[in-house]
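Position in the sequence shown (from 1) plus 40 gives the number in the working numbering.
Yeah, the Cβ is synthetic: ideal placement off N, Cα and C, and Gly gets one too.
It should be emphasised that the depicted structure is a prediction, and the values quoted were computed from it without experimental measurement.
Notes follow once the structure below has been shown.
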Amino acid sequence: MSKPIQVHILGAGAMGSLLTHDLSTQFPQTFQPTIFLKPGTANMDTKTIKLSRQIGPNWTTTNVTVNTIKPVDFLASITKYDKHGHIDNLIISTKAHQTTSAITPFIPYLSKSSNLLIVQNGMGRVNFLREKFWADSCPNIYEVVATHGAYIDEGIVRHASPGKLTIARHPSAQSTATPDIVNMILDTPSLNADLVDYNQFLIVQCEKLIVNCCINPLTALFDCFNGDLLHGGQELTLIFTRIIQEALSVLHKEYPLSSIPEASVFLNQARLLNHVLTIVKATRKNSSSMRQDVRMLRNTEVDNLNGYVGYLGRKHDVNTGLNRMIAELVKVKLNINKGVNQGVLDSILDVSSIN
41 MSKPIQVHIL
51 GAGAMGSLLT
61 HDLSTQFPQT
71 FQPTIFLKPG
81 TANMDTKTIK
91 LSRQIGPNWT
101 TTNVTVNTIK
111 PVDFLASITK
121 YDKHGHIDNL
131 IISTKAHQTT
141 SAITPFIPYL
151 SKSSNLLIVQ
161 NGMGRVNFLR
171 EKFWADSCPN
181 IYEVVATHGA
191 YIDEGIVRHA
201 SPGKLTIARH
211 PSAQSTATPD
221 IVNMILDTPS
231 LNADLVDYNQ
241 FLIVQCEKLI
251 VNCCINPLTA
261 LFDCFNGDLL
271 HGGQELTLIF
281 TRIIQEALSV
291 LHKEYPLSSI
301 PEASVFLNQA
311 RLLNHVLTIV
321 KATRKNSSSM
331 RQDVRMLRNT
341 EVDNLNGYVG
351 YLGRKHDVNT
361 GLNRMIAELV
371 KVKLNINKGV
381 NQGVLDSILD
391 VSSIN
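Spelled out as C-alpha coordinates, the structure:
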(Lines of atoms letter the chains of each structure in order from A and count residues from 1; the text may use other names and numbers.)
(Lines give C-alpha, C1' and ligand atoms only; values in the text may rest on other atoms or scores of the structure.)
Protein backbone atom coordinates (compact mmCIF):
# COMPACT_ATOMS: atom_id res chain seq x y z
CA MET A 1 0.00 0.00 0.00
CA SER A 2 1.83 3.09 -1.25
CA LYS A 3 -0.87 5.75 -1.48
CA PRO A 4 -1.32 7.77 1.74
CA ILE A 5 -4.80 7.72 3.22
CA GLN A 6 -6.37 10.41 5.36
CA VAL A 7 -8.07 9.13 8.51
CA HIS A 8 -9.97 11.25 11.02
CA ILE A 9 -10.34 10.01 14.60
CA LEU A 10 -13.28 11.06 16.74
CA GLY A 11 -12.62 10.04 20.32
CA ALA A 12 -8.96 9.81 21.33
CA GLY A 13 -9.37 7.98 24.62
CA ALA A 14 -7.46 4.83 25.41
CA MET A 15 -8.77 2.74 22.50
CA GLY A 16 -8.72 5.53 19.92
CA SER A 17 -5.17 6.42 20.95
CA LEU A 18 -4.08 2.77 20.83
CA LEU A 19 -5.39 2.42 17.27
CA THR A 20 -3.83 5.71 16.17
CA HIS A 21 -0.47 4.92 17.76
CA ASP A 22 -0.15 1.41 16.38
CA LEU A 23 -1.32 2.28 12.86
CA SER A 24 1.04 5.27 12.77
CA THR A 25 3.91 3.04 13.89
CA GLN A 26 3.11 0.27 11.41
CA PHE A 27 2.44 2.62 8.46
CA PRO A 28 4.44 5.81 9.12
CA GLN A 29 4.27 6.99 5.49
CA THR A 30 0.78 5.97 4.43
CA PHE A 31 -1.40 6.30 7.53
CA GLN A 32 -2.11 10.02 7.93
CA PRO A 33 -4.37 10.57 10.96
CA THR A 34 -6.02 13.70 12.24
CA ILE A 35 -7.51 13.62 15.72
CA PHE A 36 -10.54 15.77 16.43
CA LEU A 37 -9.93 17.48 19.76
CA LYS A 38 -12.58 17.66 22.46
CA PRO A 39 -14.41 20.98 22.76
CA GLY A 40 -12.69 23.08 25.38
CA THR A 41 -9.27 21.56 24.71
CA ALA A 42 -6.40 23.99 24.24
CA ASN A 43 -5.46 24.67 20.62
CA MET A 44 -2.64 22.49 19.32
CA ASP A 45 -1.63 21.48 15.82
CA THR A 46 -0.13 18.17 16.88
CA LYS A 47 -0.46 15.71 19.72
CA THR A 48 2.08 13.20 20.99
CA ILE A 49 0.59 9.85 21.92
CA LYS A 50 2.71 8.03 24.48
CA LEU A 51 1.92 4.33 24.69
CA SER A 52 3.36 1.92 27.21
CA ARG A 53 3.29 -1.87 26.79
CA GLN A 54 4.31 -4.57 29.20
CA ILE A 55 6.83 -6.86 27.55
CA GLY A 56 7.81 -9.52 30.06
CA PRO A 57 8.44 -7.87 33.43
CA ASN A 58 9.20 -4.47 31.88
CA TRP A 59 7.11 -1.64 30.44
CA THR A 60 8.29 -0.15 27.14
CA THR A 61 7.06 3.30 26.05
CA THR A 62 6.98 4.57 22.46
CA ASN A 63 5.70 7.87 21.05
CA VAL A 64 4.03 9.05 17.86
CA THR A 65 3.05 12.59 16.92
CA VAL A 66 -0.13 13.16 14.92
CA ASN A 67 -2.11 16.10 13.56
CA THR A 68 -5.01 17.47 15.57
CA ILE A 69 -7.79 19.95 14.93
CA LYS A 70 -10.80 21.25 16.81
CA PRO A 71 -14.12 20.33 15.19
CA VAL A 72 -15.10 24.00 15.03
CA ASP A 73 -11.87 24.82 13.18
CA PHE A 74 -12.38 21.89 10.82
CA LEU A 75 -15.84 23.13 9.97
CA ALA A 76 -14.73 26.76 9.63
CA SER A 77 -11.75 25.97 7.45
CA ILE A 78 -12.54 22.60 5.98
CA THR A 79 -9.74 22.73 3.42
CA LYS A 80 -6.99 22.55 6.05
CA TYR A 81 -6.61 18.77 5.81
CA ASP A 82 -8.97 17.78 3.00
CA LYS A 83 -9.41 20.28 0.21
CA HIS A 84 -12.63 18.67 -1.03
CA GLY A 85 -14.40 18.91 2.31
CA HIS A 86 -15.04 15.17 2.35
CA ILE A 87 -14.15 12.73 5.12
CA ASP A 88 -12.94 9.54 3.48
CA ASN A 89 -12.26 7.56 6.65
CA LEU A 90 -13.62 8.20 10.14
CA ILE A 91 -12.88 6.13 13.24
CA ILE A 92 -15.38 6.72 16.05
CA SER A 93 -14.14 5.62 19.45
CA THR A 94 -16.08 7.97 21.70
CA LYS A 95 -18.15 6.66 24.59
CA ALA A 96 -21.35 5.21 23.16
CA HIS A 97 -23.58 7.84 24.75
CA GLN A 98 -21.47 10.62 23.21
CA THR A 99 -21.71 9.33 19.64
CA THR A 100 -24.72 11.23 18.34
CA SER A 101 -23.64 14.68 19.52
CA ALA A 102 -20.02 14.03 18.50
CA ILE A 103 -20.75 12.92 14.94
CA THR A 104 -23.58 15.34 14.11
CA PRO A 105 -21.36 18.24 12.88
CA PHE A 106 -19.57 15.92 10.43
CA ILE A 107 -22.61 14.31 8.80
CA PRO A 108 -22.52 16.68 5.76
CA TYR A 109 -18.97 15.52 4.99
CA LEU A 110 -19.74 11.80 5.10
CA SER A 111 -21.10 10.17 1.95
CA LYS A 112 -21.89 6.66 0.83
CA SER A 113 -18.25 6.35 -0.27
CA SER A 114 -16.93 7.21 3.21
CA ASN A 115 -15.65 4.44 5.47
CA LEU A 116 -16.92 4.62 9.03
CA LEU A 117 -15.36 2.42 11.73
CA ILE A 118 -17.21 2.29 15.04
CA VAL A 119 -15.17 1.02 17.99
CA GLN A 120 -17.42 1.06 21.05
CA ASN A 121 -18.99 -0.94 23.83
CA GLY A 122 -22.65 -1.82 23.74
CA MET A 123 -25.03 -2.72 20.91
CA GLY A 124 -27.75 -1.10 18.83
CA ARG A 125 -25.88 2.14 18.15
CA VAL A 126 -25.41 1.60 14.39
CA ASN A 127 -29.11 1.06 13.73
CA PHE A 128 -29.89 4.20 15.72
CA LEU A 129 -27.39 6.25 13.68
CA ARG A 130 -28.77 4.89 10.41
CA GLU A 131 -32.33 5.80 11.34
CA LYS A 132 -31.31 9.28 12.49
CA PHE A 133 -28.84 10.30 9.78
CA TRP A 134 -28.91 7.88 6.84
CA ALA A 135 -32.43 6.70 6.12
CA ASP A 136 -31.69 6.36 2.38
CA SER A 137 -28.00 5.62 1.95
CA CYS A 138 -25.19 5.51 4.47
CA PRO A 139 -21.39 5.26 4.59
CA ASN A 140 -19.62 1.92 4.50
CA ILE A 141 -19.97 1.06 8.17
CA TYR A 142 -17.64 -1.37 9.89
CA GLU A 143 -18.23 -2.34 13.50
CA VAL A 144 -15.34 -3.31 15.76
CA VAL A 145 -15.32 -5.23 19.03
CA ALA A 146 -12.12 -4.67 21.02
CA THR A 147 -10.92 -6.86 23.87
CA HIS A 148 -7.61 -5.06 24.39
CA GLY A 149 -7.23 -3.78 27.93
CA ALA A 150 -6.04 -0.17 27.76
CA TYR A 151 -6.36 2.86 29.99
CA ILE A 152 -4.81 6.32 30.28
CA ASP A 153 -2.68 7.07 33.34
CA GLU A 154 -1.03 10.47 33.74
CA GLY A 155 -1.18 11.12 30.01
CA ILE A 156 0.24 7.73 29.02
CA VAL A 157 -1.84 5.08 27.26
CA ARG A 158 -1.13 1.84 29.07
CA HIS A 159 -1.80 -1.28 27.01
CA ALA A 160 -2.23 -3.48 30.06
CA SER A 161 -3.63 -6.66 28.53
CA PRO A 162 -3.30 -7.58 24.84
CA GLY A 163 -6.52 -8.70 23.23
CA LYS A 164 -7.92 -8.66 19.72
CA LEU A 165 -10.13 -6.70 17.36
CA THR A 166 -13.05 -8.39 15.65
CA ILE A 167 -14.25 -6.43 12.62
CA ALA A 168 -17.30 -6.87 10.41
CA ARG A 169 -18.89 -4.96 7.56
CA HIS A 170 -22.40 -3.88 8.50
CA PRO A 171 -24.99 -5.31 6.06
CA SER A 172 -26.00 -1.76 5.09
CA ALA A 173 -22.54 -0.96 3.65
CA GLN A 174 -22.63 0.24 0.04
CA SER A 175 -19.41 -1.50 -1.01
CA THR A 176 -18.30 -5.08 -0.46
CA ALA A 177 -14.64 -4.26 -1.14
CA THR A 178 -12.50 -4.11 2.00
CA PRO A 179 -11.25 -0.51 2.37
CA ASP A 180 -7.59 0.36 2.89
CA ILE A 181 -8.12 1.48 6.48
CA VAL A 182 -9.51 -1.93 7.42
CA ASN A 183 -6.67 -3.69 5.61
CA MET A 184 -4.19 -1.55 7.54
CA ILE A 185 -5.73 -2.63 10.83
CA LEU A 186 -5.63 -6.27 9.72
CA ASP A 187 -1.96 -5.87 8.78
CA THR A 188 -0.94 -4.39 12.16
CA PRO A 189 0.24 -7.34 14.29
CA SER A 190 -0.06 -5.57 17.64
CA LEU A 191 -3.80 -5.02 17.07
CA ASN A 192 -4.43 -8.73 16.40
CA ALA A 193 -7.45 -8.08 14.17
CA ASP A 194 -9.78 -10.43 12.30
CA LEU A 195 -12.37 -9.62 9.64
CA VAL A 196 -15.42 -11.87 10.02
CA ASP A 197 -18.89 -12.16 8.53
CA TYR A 198 -21.66 -10.28 10.28
CA ASN A 199 -23.32 -13.30 11.88
CA GLN A 200 -20.06 -14.32 13.53
CA PHE A 201 -19.51 -10.72 14.60
CA LEU A 202 -22.96 -10.57 16.15
CA ILE A 203 -22.10 -13.49 18.42
CA VAL A 204 -18.83 -11.86 19.50
CA GLN A 205 -20.66 -8.58 20.09
CA CYS A 206 -23.25 -10.28 22.31
CA GLU A 207 -20.48 -11.94 24.30
CA LYS A 208 -18.65 -8.64 24.79
CA LEU A 209 -21.87 -6.92 25.87
CA ILE A 210 -22.47 -9.57 28.52
CA VAL A 211 -18.88 -9.43 29.78
CA ASN A 212 -19.14 -5.64 30.10
CA CYS A 213 -22.54 -5.88 31.82
CA CYS A 214 -20.99 -8.15 34.44
CA ILE A 215 -17.62 -6.53 35.11
CA ASN A 216 -17.87 -2.80 34.42
CA PRO A 217 -20.78 -1.74 36.63
CA LEU A 218 -19.77 -3.92 39.58
CA THR A 219 -16.21 -2.56 39.64
CA ALA A 220 -17.73 0.92 39.51
CA LEU A 221 -20.17 0.22 42.34
CA PHE A 222 -17.57 -1.42 44.57
CA ASP A 223 -14.77 0.92 43.41
CA CYS A 224 -12.35 -1.95 42.88
CA PHE A 225 -9.97 -3.40 40.32
CA ASN A 226 -11.33 -6.19 38.13
CA GLY A 227 -9.52 -8.90 40.07
CA ASP A 228 -10.97 -7.75 43.38
CA LEU A 229 -14.34 -9.06 42.22
CA LEU A 230 -12.96 -12.58 42.69
CA HIS A 231 -13.27 -12.05 46.45
CA GLY A 232 -17.03 -11.70 46.02
CA GLY A 233 -17.59 -15.42 46.51
CA GLN A 234 -20.69 -17.37 45.57
CA GLU A 235 -22.86 -14.29 45.90
CA LEU A 236 -20.98 -12.60 43.06
CA THR A 237 -21.28 -15.71 40.90
CA LEU A 238 -25.04 -15.64 41.42
CA ILE A 239 -25.17 -11.97 40.37
CA PHE A 240 -23.13 -12.72 37.23
CA THR A 241 -25.41 -15.65 36.44
CA ARG A 242 -28.56 -13.56 36.70
CA ILE A 243 -27.08 -10.76 34.57
CA ILE A 244 -26.21 -13.33 31.91
CA GLN A 245 -29.64 -15.01 32.04
CA GLU A 246 -31.48 -11.73 31.56
CA ALA A 247 -29.18 -10.60 28.75
CA LEU A 248 -29.47 -13.88 26.84
CA SER A 249 -33.27 -13.83 27.12
CA VAL A 250 -33.62 -10.45 25.42
CA LEU A 251 -30.74 -10.82 22.94
CA HIS A 252 -32.37 -13.96 21.52
CA LYS A 253 -35.58 -11.99 20.99
CA GLU A 254 -33.90 -8.93 19.46
CA TYR A 255 -31.40 -10.63 17.13
CA PRO A 256 -31.65 -13.70 14.83
CA LEU A 257 -29.30 -15.75 17.01
CA SER A 258 -31.31 -18.96 16.64
CA SER A 259 -30.47 -18.97 12.92
CA ILE A 260 -26.72 -18.87 13.63
CA PRO A 261 -25.50 -22.43 14.34
CA GLU A 262 -22.54 -21.39 16.51
CA ALA A 263 -24.68 -19.24 18.80
CA SER A 264 -26.07 -22.13 20.85
CA VAL A 265 -22.54 -23.12 21.89
CA PHE A 266 -20.83 -19.73 22.00
CA LEU A 267 -23.65 -18.02 23.90
CA ASN A 268 -24.28 -20.88 26.30
CA GLN A 269 -24.96 -19.61 29.83
CA ALA A 270 -22.39 -21.83 31.57
CA ARG A 271 -19.74 -20.99 28.99
CA LEU A 272 -20.40 -17.26 29.35
CA LEU A 273 -20.12 -17.39 33.15
CA ASN A 274 -16.80 -19.20 32.85
CA HIS A 275 -15.68 -16.68 30.22
CA VAL A 276 -16.56 -13.72 32.46
CA LEU A 277 -14.58 -15.22 35.35
CA THR A 278 -11.66 -15.90 33.00
CA ILE A 279 -11.67 -12.27 31.85
CA VAL A 280 -11.78 -11.06 35.46
CA LYS A 281 -8.69 -13.15 36.24
CA ALA A 282 -6.84 -12.15 33.05
CA THR A 283 -7.50 -8.44 33.65
CA ARG A 284 -7.27 -8.57 37.44
CA LYS A 285 -4.95 -5.55 37.61
CA ASN A 286 -7.11 -3.44 35.29
CA SER A 287 -9.47 -0.68 36.35
CA SER A 288 -12.58 -0.72 34.17
CA SER A 289 -13.50 2.33 32.13
CA MET A 290 -16.78 2.64 34.03
CA ARG A 291 -15.00 2.66 37.37
CA GLN A 292 -12.65 5.34 36.04
CA ASP A 293 -15.58 7.41 34.78
CA VAL A 294 -17.37 7.28 38.14
CA ARG A 295 -14.17 8.17 40.00
CA MET A 296 -13.61 11.11 37.65
CA LEU A 297 -17.26 12.21 37.97
CA ARG A 298 -17.98 11.54 34.28
CA ASN A 299 -21.15 10.07 32.82
CA THR A 300 -20.81 6.36 32.11
CA GLU A 301 -21.81 3.93 29.38
CA VAL A 302 -24.12 1.96 31.67
CA ASP A 303 -27.22 2.94 29.65
CA ASN A 304 -25.61 1.25 26.63
CA LEU A 305 -24.78 -1.90 28.61
CA ASN A 306 -27.11 -2.99 31.44
CA GLY A 307 -29.46 -0.17 30.47
CA TYR A 308 -29.65 -1.58 26.93
CA VAL A 309 -30.57 -4.99 28.33
CA GLY A 310 -33.27 -3.24 30.36
CA TYR A 311 -34.51 -1.42 27.25
CA LEU A 312 -34.79 -4.71 25.34
CA GLY A 313 -36.61 -6.21 28.31
CA ARG A 314 -39.26 -3.49 28.13
CA LYS A 315 -39.45 -3.83 24.36
CA HIS A 316 -40.00 -7.60 24.45
CA ASP A 317 -41.83 -7.80 27.79
CA VAL A 318 -39.06 -9.81 29.46
CA ASN A 319 -38.01 -9.41 33.09
CA THR A 320 -34.60 -7.71 33.27
CA GLY A 321 -34.95 -6.36 36.79
CA LEU A 322 -31.37 -6.94 37.93
CA ASN A 323 -29.80 -5.23 34.92
CA ARG A 324 -32.17 -2.28 35.29
CA MET A 325 -31.37 -1.97 38.98
CA ILE A 326 -27.62 -2.14 38.36
CA ALA A 327 -27.90 0.62 35.75
CA GLU A 328 -29.76 2.81 38.23
CA LEU A 329 -27.29 2.06 41.05
CA VAL A 330 -24.35 3.17 38.90
CA LYS A 331 -26.13 6.48 38.28
CA VAL A 332 -26.84 6.84 42.00
CA LYS A 333 -23.19 6.12 42.79
CA LEU A 334 -22.09 8.79 40.31
CA ASN A 335 -24.55 11.34 41.71
CA ILE A 336 -23.38 10.65 45.27
CA ASN A 337 -19.75 11.08 44.22
CA LYS A 338 -20.60 14.37 42.52
CA GLY A 339 -22.47 15.55 45.60
CA VAL A 340 -19.66 14.62 47.97
CA ASN A 341 -17.14 16.33 45.72
CA GLN A 342 -19.29 19.47 45.60
CA GLY A 343 -19.65 19.36 49.38
CA VAL A 344 -15.89 19.23 49.83
CA LEU A 345 -15.49 22.10 47.38
CA ASP A 346 -18.12 24.17 49.20
CA SER A 347 -16.37 23.53 52.52
CA ILE A 348 -13.07 24.72 51.10
CA LEU A 349 -14.74 27.86 49.73
CA ASP A 350 -16.41 28.52 53.10
CA VAL A 351 -13.07 28.28 54.91
CA SER A 352 -11.45 30.53 52.33
CA SER A 353 -14.17 33.17 52.73
CA ILE A 354 -13.73 33.16 56.54
CA ASN A 355 -9.99 33.65 56.20
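(message) Given a cut-off of 9 Å on the beta-carbon distance, is the pair I158 and I132 in contact?
(response) Reading the sequence shown from its first residue, position 118 is the one you call residue 158. Reading the sequence shown from its first residue, position 92 is the one you call residue 132. Yes, they are a contact pair.
(message) Does F71 come out as helix, strand or coil in the three-state DSSP assignment?
(response) Numbered from 1 along the sequence shown, position 31 holds the residue referred to as residue 71. Correct three-state label for F71: strand.
(message) Residues in the same chain with beta-carbon distance under 8 Å from A367, minus the five sequence neighbours each way, listed in chain order, please.
(response) Working through the sequence shown from its first residue, we reach residue 367 at position 327. So the list reads P257, V342, D343, L345, N346, G347 and G350, once near-sequence residues are dropped.
(request) Would you mind giving the Cβ-Cβ distance between K330 and A260, rounded to the nearest angstrom? I have them listed as a contact below 8 Å. (result) On the sequence shown, residue 330 is found 290 positions in, with the first residue counted as 1. On the sequence shown, residue 260 is found 220 positions in, with the first residue counted as 1. Note that residue 330 corresponds to Met in the displayed sequence, not to Lys. Yes, M330 and A260 are in contact; Cβ-Cβ is about 4 Å, under 8 Å.
(message) Given this structure, state the Cα-to-Cα distance separating C246 from Q285, to the nearest angstrom.
(response) Indexing the sequence shown from 1 puts residue 246 at position 206. Indexing the sequence shown from 1 puts residue 285 at position 245. Roughly 13 Å separates the two Cα atoms.
(request) Can you tell me which of K378, E183 and P179 puts its alpha carbon nearest to the alpha carbon of S215? (result) Stepping through the sequence shown from its first residue, residue 215 is reached at position 175. Minimum Cα distance to S215 is reached at P179.
(request) Please determine, among I95, G96 and P148, the residue with the shortest C-alpha to C-alpha distance to L115. (result) Working through the sequence shown from its first residue, we reach residue 115 at position 75. Of the candidates I95, G96 and P148, the one whose C-alpha sits nearest the C-alpha of L115 is P148.
(request) Pair every Cβ in the stretch 166-176 with every Cβ in the stretch 58-71, then say whether three or more of these pairs are closer than 8 Å. (result) no
(request) Might you give, ordered along the chain, the residues of its own chain that have their beta carbon closer than 7 Å to the beta carbon of F173, omitting 5 neighbours on each side? (result) Along the sequence shown, one-based indexing puts residue 173 at 133. If we look at F173 and ignore the five residues flanking it on each side, its Cβ neighbours are I147.
(message) Suppose the cutoff is 6 Å on Cβ atoms and the five residues either side in sequence are ignored; what does the same chain contact list for L249 look like?
(response) As a first step, residue 249 is located in the sequence shown; it is residue number 209 there, counting from the start. So the qualifying residues of the chain are M163.
(message) Rounded to the nearest angstrom, what separates P111 and Q309 at their Cα positions?
(response) The sequence position of residue 111 within the sequence shown is 71, counting from 1. The sequence position of residue 309 within the sequence shown is 269, counting from 1. Computed Cα separation, rounded: 44 Å.
(request) Give every residue of the same chain whose Cβ lies closer than 8 Å to the Cβ of Q138, excluding the five residues on either side of it in the sequence, and list them in chain order. (result) Numbered from its first residue, the sequence shown carries residue 138 at position 98. Cβ neighbours of Q138 beyond the five flanking positions: G51.
(message) One question on the structure: do N86 and N103 come within less than 9 Å of each other, judged by their Cβ atoms?
(response) Mapped onto the sequence shown, residue 86 falls at position 46. Mapped onto the sequence shown, residue 103 falls at position 63. One point to set straight first is that residue 86 is Thr, not Asn, in the sequence displayed. No; because the gap between Cβ atoms is not below 9 Å, this pair is not in contact.
(message) Spatial neighbours of G379 within its chain, please: C-beta separation below 7 Å, excluding the five flanking residues on both sides.
(response) As a first step, residue 379 is located in the sequence shown; it is residue number 339 there, counting from the start. The answer is none, since no qualifying residue turns up.
(message) Using DSSP's beta-bridge definition, name the partner residues of T14.
(response) Coverage of the chain is limited to positions 41 through 395, which leaves residue 14 absent and any answer about it impossible.
(request) Give every residue of the same chain whose Cβ lies closer than 6 Å to the Cβ of H48, excluding the five residues on either side of it in the sequence, and list them in chain order. (result) The residue labelled residue 48 in the question sits at position 8 within the sequence shown. Here the set comprises T74, I127 and L130.
(message) For the beta strand (DSSP E) containing G125, name the first residue and the last one.
(response) The residue you call residue 125 lines up with position 85 of the sequence shown. Careful: G125 lies outside any beta strand (DSSP E) and carries neither H nor E.
(message) Looking only at its chain, what residues have a beta carbon closer than 6 Å to the beta carbon of K204, apart from the 5 residues adjacent to it on each side?
(response) Reading the sequence shown from its first residue, position 164 is the one you call residue 204. Excluding sequence neighbours, K204 sits near T187 and N232.
(message) Rounding to the nearest angstrom, what Cα-Cα distance links D113 and P79 in this structure?
(response) Counting from one through the sequence shown, the residue named residue 113 turns up at place 73. Counting from one through the sequence shown, the residue named residue 79 turns up at place 39. Their Cα atoms are separated by approximately 11 Å.
(request) Return the CA-CA distance between M365 and I319, expressed in angstroms with no decimal places. (result) Reading the sequence shown from its first residue, position 325 is the one you call residue 365. Reading the sequence shown from its first residue, position 279 is the one you call residue 319. Straight-line Cα distance between these residues: approximately 23 Å.
(request) Measure the alpha-carbon distance for L374 versus A54 and round it to whole angstroms. (result) On the sequence shown, position 334 is the one that residue 374 refers to. On the sequence shown, position 14 is the one that residue 54 refers to. When rounded, the distance between both Cα atoms is 21 Å.
(request) Have a look at V370, G353 and N239 and flag the residue whose alpha-carbon is nearest the alpha-carbon of L307. (result) Translated into the one-based positions of the sequence shown, residue 307 becomes position 267. The shortest Cα separation from L307 among V370, G353 and N239 belongs to N239.
(message) Taking 9 Å as the threshold (C-beta atoms), are T101 and K90 in contact?
(response) Walking along the sequence shown from the start, residue 90 turns up at place 50. Walking along the sequence shown from the start, residue 101 turns up at place 61. Taking 9 Å as the Cβ cut-off, K90 and T101 qualify as a contacting pair.
(request) Counting only runs of 3+ residues fully inside the stretch 213-289, write out the beta strand (DSSP E) ranges in chain order. (result) 233-235
(message) Residues in the same chain with beta-carbon distance under 6 Å from G189, minus the five sequence neighbours each way, listed in chain order, please.
(response) Against the sequence shown, residue 189 aligns to sequence position 149. Only A200, S201, T323 and N326 meet the Cβ criterion.
(request) Determine the direct distance from the alpha carbon of G267 to that of D176, and round the result to whole angstroms. (result) Taking the first residue of the sequence shown as 1, we reach residue 176 at position 136. Taking the first residue of the sequence shown as 1, we reach residue 267 at position 227. Spanning the two alpha carbons is a distance of roughly 46 Å.
(message) Taking the straight line between their C-alpha atoms, what separation do you get for D76 and I109?
(response) The residue you call residue 76 lines up with position 36 of the sequence shown. The residue you call residue 109 lines up with position 69 of the sequence shown. Per the sequence presented here, residue 76 reads as Phe, with Asp not at that position. The alpha-carbon atoms of F76 and I109 are separated by roughly 5 Å.
(request) Give every residue of the same chain whose Cβ lies closer than 8 Å to the Cβ of H315, excluding the five residues on either side of it in the sequence, and list them in chain order. (result) In the sequence shown, counting from the first residue as 1, residue 315 sits at position 275. Closer than 8 Å at the Cβ level, and outside the excluded window around H315, lie E247 and V251.
(message) How far does the beta strand (DSSP E) with H48 in it extend, from its first residue to its last?
(response) For the purposes of this step, residue 48 is taken as the residue at position 8 of the sequence shown. I45 to L50 is the span of the beta strand (DSSP E), which, as asked, contains H48.
(request) On the DSSP bridge assignment, give the partners of E183 in chain order. (result) Locating residue 183 in the sequence shown gives position 143, counting from the first residue. In DSSP, E183 forms a bridge with I158 and A208.
(message) Suppose you measure from the CA of D193 to the CA of M224; what does that come to, to the nearest Å?
(response) For the purposes of this step, residue 193 is identified with residue 153 of the sequence shown, where counting begins at 1. For the purposes of this step, residue 224 is identified with residue 184 of the sequence shown, where counting begins at 1. Those two C-alpha atoms are separated by around 27 Å.
(message) Helix, strand or coil, according to DSSP, for R198 in the structure here?
(response) Sequence index remark: in the sequence shown, residue 198 carries index 158 (1-based). Three-state result, R198: strand.
(message) I need the DSSP call for I366, collapsed to helix, strand or coil.
(response) Walking along the sequence shown from the start, residue 366 turns up at place 326. It is helical.
(request) State the CB to CB distance for the pair I45 and Q66, rounded to an integer number of angstroms; the pair is presumed to be in contact (CB under 8 Å). (result) If you number the sequence shown from 1, residue 45 lands on position 5. If you number the sequence shown from 1, residue 66 lands on position 26. Incorrect: roughly 13 Å between the Cβ atoms, too far for contact.
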